[in-house]
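Data first, discussion second: the structure below is written as structure tokens.
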Amino acid sequence: MKKRLMVVLGIGLLCLGLVACGKTGKTVSSAKPVAESSTASKYQPTLFFHGWGSSYHAEQQMAQSLVAAGMTKTITRATVSKQGKVTLSGQFQKNDDHPIVEVDFQDNRNSNSRQWGQWAKATVIKLQQTYHIKTFNMVGHSMGNMAIMFYLLENQSTLPKLKKQVDIAGHFNGILGMGDEPNQMKLTREGKPEKMQSDYRALLKLRRTYPKNQIAVLNIYGDKNDGSHSDGSVSNASSKSLRYLVSKRAKSYQEQKIIGANAQHSRLHDNKKVDQLLINFLRN
């Protein structure tokens, strides 16, 4: 029991290095909100998921960049309680088919990846019930990527179809200082890690169940260019290990490396190059 307690405490302390600090922004709305309606299935929202210890504030620069690019005028928020209850703030707007949903997990220091996946599922179901969406996109930063991946482990047959998935600074096979060290992790030609952590082993099921030829994937990771081949918290190898899990079944898969000081883990969600990659990928 003592050993298990020390492991849990270690996880909590190490995850502090993954806290993503964001900027304050404003919710965008128009003069013609649309209420709940069975005819509102034209919407294809983009859901943003923040990292461990963070909040919707970390999503705001990216969300605002899509507004500035003319891709939407609508930013709403989905607040998810510790019990998994989802409360929506703001409304999707008439004739604005690609609204943004900033997801805000209240229990943001929970280190259970499966729980994050359940919260993501609850959010999708709430949007399905409210707006009858049939398709949607997901963007994750840090632990937000695990929310996406463990959501995808669920049976998707009755849920809206995910069309585009953007993973930013994903620690799919571990974090530096938690079973990984700089330049330690080795990947095969297929992107398979030689050593797998428990979450990654659980995600191996996706090699059989990831929706076939449905989802376009963009995997963005940072390299501080300091010799560690990492963003300071996550090794590039851990981020790139996503390829082995999804590329054979994804509609498309691409990786983009951001280099330099602003490629640091918690700076990536405020990086202008990341914003432009998002715009280009989600627009096409």
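Counting from 12, one number per residue, gives the positions in the sequence shown under the working numbering.
We put the CB at the ideal spot given by N, CA and C, even for glycine.
Residues near Thr169 in its chain [Cβ-Cβ closer than 8 Å; skip 5 each side]
By 1-based counting over the sequence shown, the position of residue 169 is 158. So the list is empty, once near-sequence residues are dropped.
Applying the 10 Å Cβ sphere with the 16-neighbour rule, what's the burial state of Asp178?
For the purposes of this step, residue 178 is taken as the residue at position 167 of the sequence shown. Per the 10 Å Cβ criterion, buried.
Distance check for Thr98 and His143, CA to CA, integer angstroms please.
In the sequence shown, counting from the first residue as 1, residue 143 sits at position 132. In the sequence shown, counting from the first residue as 1, residue 98 sits at position 87. Rounded to the nearest angstrom, the two C-alpha atoms are 16 Å apart.
Among Met73, Ala74, Asn123 and Pro56, which residue has its Cα nearest to the Cα of Pro110?
Along the sequence shown, one-based indexing puts residue 110 at 99. Checked all of Met73, Ala74, Asn123 and Pro56; the closest Cα to Pro110 is Pro56.
Thinking C-alpha only, which one of Asp108, Lys84 and Val78 is nearest Lys297?
Coverage of the chain is limited to positions 12 through 295, which leaves residue 297 absent and any answer about it impossible.
What residue does the beta strand (DSSP E) around Thr4 start on, and which one ends it?
The question about residue 4 has no answer here: the residues shown for the chain are numbered 12 through 295.
Pull up the DSSP beta-bridge partners for Met189, would you.
For the purposes of this step, residue 189 is identified with residue 178 of the sequence shown, where counting begins at 1. BP columns for Met189 point to Ile186.
On the three-state DSSP scale, how would you describe Phe292?
As a working mapping, residue 292 is identified with position 281 in the sequence shown. Three-state DSSP puts Phe292 in a helix.
In angstroms, rounded to a whole number, what distance separates the CA positions of Gly62 and Phe116?
Against the sequence shown, residue 62 aligns to sequence position 51. Against the sequence shown, residue 116 aligns to sequence position 105. Roughly 9 Å between the two C-alpha positions.
Would you be able to state if there are at least three C-beta pairs under 8 Å between the segment 148-164 and the segment 116-133?
yes
Return yes when the Cβ of Ala227 is within less than 8 Å of the Cβ of Lys268, no when it is not.
Position 257 of the sequence shown, counting from 1, holds the residue named residue 268. Position 216 of the sequence shown, counting from 1, holds the residue named residue 227. No, the Cβ-Cβ distance between Lys268 and Ala227 is not below 8 Å.
Answer yes or no: do Asn194 and Tyr211 have a C-beta to C-beta separation smaller than 8 Å?
Counting from 1 along the sequence shown, the entry for residue 194 is found at position 183. Counting from 1 along the sequence shown, the entry for residue 211 is found at position 200. Not a contact, by the Cβ cut-off of 8 Å.
N-terminal and C-terminal residue of the alpha helix (DSSP H) that Leu77 is part of:
Numbered from its first residue, the sequence shown carries residue 77 at position 66. Run containing Leu77: Gln71 to Ala79, per the alpha helix (DSSP H) assignment.
Could you pull the DSSP bridge partners for Pro204 from this structure?
Along the sequence shown, read from residue 1 onward, the residue named residue 204 stands at position 193. According to DSSP, Pro204 bridges with Leu198.
By the three-class DSSP mapping on this structure, what secondary structure does Asp286 have?
Position 275 of the sequence shown, counted from the first residue, corresponds to residue 286. DSSP places Asp286 in helix when its eight states are reduced to three.
Candidates Ala213, Gln176 and Ser153: closest to Asp242 by CA position
Stepping through the sequence shown from its first residue, residue 242 is reached at position 231. Of Ala213, Gln176 and Ser153, the residue nearest in Cα terms is Ser153.
Close beta carbons around Phe60, own chain, < 6 Å, minus the five adjacent residues each side:
Here residue 60 is taken as the residue at index 49 of the sequence shown, counted from 1. Within the same chain, Phe60 has close Cβ partners Val114, Gly151, Gly155 and Ala158.
Nonlocal neighbours in the same chain, by C-beta distance under 8 Å from Glu205, ignoring five residues either side:
Counting from 1 along the sequence shown, the entry for residue 205 is found at position 194. Once the five neighbours on either side are set aside, the close Cβ partners of Glu205 are Met196, Lys197, Leu198 and Thr199.
Taking C-alpha atoms, which residue in Ser209, Gln75 and Thr83 lies nearest to Arg125?
Walking along the sequence shown from the start, residue 125 turns up at place 114. Minimum Cα distance to Arg125 is reached at Ser209.
Considering only the alpha carbon of each residue, which of Lys105, Ser76, Ser66 and Met82 lies closest to Arg294?
Here residue 294 corresponds to residue number 283 of the sequence shown, with the count starting at 1. Checking every option, the nearest Cα to that of Arg294 belongs to Met82.
Would Arg219 and Leu256 be called neighbours here (beta carbons separated by less than 8 Å)?
For the purposes of this step, residue 219 is taken as the residue at position 208 of the sequence shown. For the purposes of this step, residue 256 is taken as the residue at position 245 of the sequence shown. Not in contact: Arg219 and Leu256 (Cβ atoms no closer than 8 Å).
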